[in-house]
Amino acid sequence: MSWMDDLYVIYQKLDANSCQEVKKEIIKAQLNGCSDGTIYFLVLQQLVRIKREKAPVYELISGEVERIIHAGSSYVH
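Per my numbering, the sequence shown starts with residue 141, numbered consecutively.
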């Protein structure tokens, strides 16, 4: 499973829990990237912000976020 698949699951969970504003923030970060690495970094930055500022929402998506974080090792090399 790619990190984009996890991101899709996050979007589904946010929709199911009426968190459209949070979803829009992540999509905005995703659209601001111009390469896979940049998109990943911007999305990850937004997910970390959600973890800090919106803990109840983060609890809904924490498993997928952790997988996305671990997927980042391919961008570090």
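Glycine included, every Cβ here is placed at the ideal spot set by N, Cα and C.
N- and C-terminal bounds of the alpha helix (DSSP H) containing Ser-202: For the purposes of this step, residue 202 is taken as residue 62 along the sequence shown, with counting starting at 1. Start and end: 195–211.
In the structure shown, what three-state DSSP assignment does Gly-173 receive? Here residue 173 refers to the residue found at position 33 when the sequence shown is read from its first residue. It is coil, neither helix nor strand.
Please return the same chain residues whose Cβ sits closer than 6 Å to the Cβ of Leu-154, not counting the five positions on each side in sequence. For the purposes of this step, residue 154 is identified with residue 14 of the sequence shown, where counting begins at 1. Cβ neighbours of Leu-154 beyond the five flanking positions: Val-162, Lys-163.
For Asn-157 versus Leu-200, is the C-beta spacing smaller than 8 Å? Position 17 of the sequence shown, counted from the first residue, corresponds to residue 157. Position 60 of the sequence shown, counted from the first residue, corresponds to residue 200. Closer than 8 Å, so yes.
Chain-order list of residues whose beta-carbon lies under 8 Å from that of Gly-173 (same chain, five-residue window excluded): Taking the sequence shown and counting its residues from 1, one reaches residue 173 at position 33. Cβ neighbours of Gly-173 beyond the five flanking positions: Ile-179, Tyr-180, Phe-181, Leu-182, Val-183.
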